Amino acid sequence: MAEQGSVVVVGGTRAIGFEIVRHYASAGDDVILTGQTAANVAAAVERAADLPGKVTGLTFDLADPVTIRAALEGVGPVRRLALVAIDRDSNTVADYDVTRAIRLATLKLVGFTEVVHVLLDRLTPNASLLLFGGQAKDLPYPGSTTVSTVNGGVEGIVRTLVHEIKPHRVNCLHPGIVGDSPYWESRQAALEATIKRTPTGRLTTMAEIVDAAVFLLENEGMNGVNLKVDGGLHCM
Ligand SMILES: NC(=O)c1ccc[n+]([C@@H]2O[C@H](COP(=O)([O-])OP(=O)(O)OC[C@H]3O[C@@H](n4cnc5c(N)ncnc54)[C@H](OP(=O)(O)O)[C@@H]3O)[C@@H](O)[C@H]2O)c1
Numbered sequence: 029m030a031e032q033g034s035v036v037v038v039g040g041t042r043a044i045g046f047e048i049v050r051h052y053a054s055a056g057d058d059v060i061l062t063g064q065t066a067a068n069v070a071a072a073v074e075r076a077a078d079l080p081g082k083v084t085g086l087t088f089d090l091a092d093p094v095t096i097r098a099a100l101e102g103v104g105p106v107r108r109l110a111l112v113a114i115d116r117d118s119n120t121v122a123d124y125d126v127t128r129a130i131r132l133a134t135l136k137l138v139g140f141t142e143v144v145h146v147l148l149d150r151l152t153p154n155a156s157l158l159l160f161g162g163q164a165k166d167l168p169y170p171g172s173t174t175v176s177t178v179n180g181g182v183e184g185i186v187r188t189l190v191h192e193i194k195p196h197r198v199n200c201l202h203p204g205i206v207g208d209s210p211y212w213e214s215r216q217a218a219l220e221a222t223i224k225r226t227p228t229g230r231l232t233t234m235a236e237i238v239d240a241a242v243f244l245l246e247n248e249g250m251n252g253v254n255l256k257v258d259g260g261l262h263c264m
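Here the sequence shown is numbered in the numbering used here, starting from 29 and rising by one per residue.
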């Protein structure tokens with residue numbers, strides 16, 4: 029019998045996060061999804077209403093980490109924790125928006141860590157964690173100064189967490205551009221160059237990212253891995 033405890037998806041209101049919610053709720057798991065806006069959280073819970081698992085929602089701002097403990101107060105035993113959220117900025121050194129940069133850096137580097145800190149004593153014995161970084165850590169683009177820095181930082185968090193939360197497992201997934209994720213819907217023209225450079229001749233899909241996420245969360249041999257899922261673009 030599967031270990032008791034819920035699946036928590038931080039940044040689960042839409043796109044990749046919601047597809048992870050859908051995967052686990054479809055398998056009958058109780059899932060808690062979170063977002064930064066109450067309306068998006070409520071809409072996502074509503075979208076998941078017909079799935080076999082019970083899906084509930086919580087709203088809090090990862091970029092305001094001192095509020096996280098209170099927001100997670102009612103969360104019981106946790107067997108899977110996926111930290112998926114991002115609030116993208118567009119930042120170059122030449123035109124640097126300090127407020128945006130602090131917000132994004134705080135969201136992933138402090139916010140993700142604080143969620144783990146708060147939930148640490150509620151992790152079930154076989155619990156596993158997954159953090160999301162991204163390909164921008166290795167392949168910067170104009171405006172990715174903060175995103176590249178932050179996604180590189182997530183790799184560092186995973187290394188330290190392997191030591192600090194053992195025997196629980198923790199891994200990180202670094203997607204390439206996910207062609208069917210909503211963020212890129214209005215930006216298709218910008219993707220042509222990446223498609224041409226990708227050895228598979230196409231971009232990765234949300235289904236492929238979710239498949240890799242579930243592999244990292246479920247395979248008990250996987251620990252401390254920073255997995256690139258980008259169709260091989262990192263080799264080019
Ligand atoms: N999509 C891609 O092509 C791609 C490529 C490389 C890496 N990634 C990584 O994959 C992950 C998922 O990307 P995505 O495109 O699926 O994300 P997305 O559609 O932008 O969804 C972001 C999620 O994060 C939540 N969120 C945003 N700001 C927050 C904050 N301050 N506090 C708490 N929650 C917050 C949002 O909640 P609300 O709905 O309430 O705003 C939403 O649930 C990210 O970590 C991203 O860096 C994605």
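Using N, Cα and C, we set each Cβ at its ideal position, and we do this for glycine too. Please read all numbers here as calculations on a predicted model, not as lab measurements.
What residue range does the beta strand (DSSP E) around residue i cover?
i, result
"arginine 107", "106-111"
"alanine 155", "151-160"
"leucine 201", "197-203"
"serine 34", "34-38"
"lysine 136", "Note, lysine 136: premise wrong, no beta strand (DSSP E); not H, not E."
"leucine 61", "59-63"
"leucine 255", "254-257"
Would you mind sorting residue i into buried or exposed? The rule is 16 or more other CB atoms within 10 Å of its CB.
i, result
"valine 112", "buried"
"aspartate 117", "buried"
"asparagine 199", "buried"
"alanine 67", "exposed"
"histidine 196", "buried"
"valine 94", "exposed"
"alanine 77", "exposed"
"alanine 122", "exposed"
"tyrosine 211", "exposed"
"serine 34", "buried"
"lysine 224", "exposed"
"threonine 141", "buried"
"leucine 148", "exposed"
In terms of alpha-carbon separation, which member of the options lies closest to residue i?
i, options, result
"glycine 207", "Val186, Thr188, Met234", "Met234"
"methionine 250", "Ala155, Thr232, Ala53", "Ala155"
"aspartate 125", "Leu167, Val49, Val175", "Val175"
"alanine 218", "Ile237, Pro227, Lys256, Tyr169", "Tyr169"
"isoleucine 44", "Leu255, Ile205, Ser209, Val73", "Ser209"
"glycine 139", "Ala122, Pro153, Asp115", "Asp115"
"valine 190", "Ser214, Glu213, Asn254, Ala55", "Asn254"
"leucine 157", "Gly85, Ser214, Ala129, Arg108", "Arg108"
"arginine 75", "Val103, Gly40, Gly33, Cys263", "Gly40"
"threonine 232", "Thr127, Ala240, Ile205", "Ile205"
"proline 227", "Glu246, Ala53, Gly260", "Gly260"
"aspartate 58", "Lys165, Asn247, Glu248, Gln32", "Gln32"
Measure how close the beta-carbons of residue i and residue j come, nearest whole angstrom, since I'm counting them as under 8 Å.
i, j, result
"valine 242", "isoleucine 193", "Their Cβ separation, rounded to whole angstroms, is 20 Å, which puts valine 242 and isoleucine 193 out of contact at 8 Å."
"glycine 162", "histidine 202", "6 Å"
"leucine 159", "valine 186", "6 Å"
"threonine 173", "threonine 120", "6 Å"
"threonine 62", "valine 38", "5 Å"
"valine 238", "isoleucine 48", "6 Å"
"phenylalanine 88", "alanine 99", "4 Å"
"lysine 136", "valine 106", "With 8 Å as the limit, lysine 136 and valine 106 do not qualify as a contact, their Cβ atoms being about 19 Å apart."
"alanine 55", "glycine 81", "7 Å"
"valine 83", "alanine 129", "Actually they are not in contact, since the Cβ atoms of valine 83 and alanine 129 sit about 33 Å apart, beyond 8 Å."
"valine 103", "arginine 42", "The Cβ separation is near 21 Å, so there is no contact."
"valine 36", "arginine 97", "Contact doesn't hold; Cβ gap of about 14 Å is too wide."
Taking CB distances under 7 Å as the criterion, tell me whether residue i reaches chain C.
i, result
"glutamine 216", "Of the protein chains in the structure, only one exists, and it is not chain C."
Could you check where the alpha helix (DSSP H) with residue i kicks off and where it finishes?
i, result
"lysine 82", "From DSSP, lysine 82 is part of no alpha helix (DSSP H); its letter is neither H nor E."
"glutamate 224", "What sits at residue 224 in the sequence shown is lysine, not glutamate. Here the alpha helix (DSSP H) through lysine 224 covers 220-225."
"valine 68", "Valine is not the amino acid found at residue 68; the sequence shown has asparagine there. 66-75 is the span of the alpha helix (DSSP H), which, as asked, contains asparagine 68."
"aspartate 117", "Neither: aspartate 117 is in no alpha helix (DSSP H) and is coded neither H nor E."
"valine 49", "43-54"
"isoleucine 193", "First-last for isoleucine 193: undefined, no H or E at that position."
"valine 146", "140-147"
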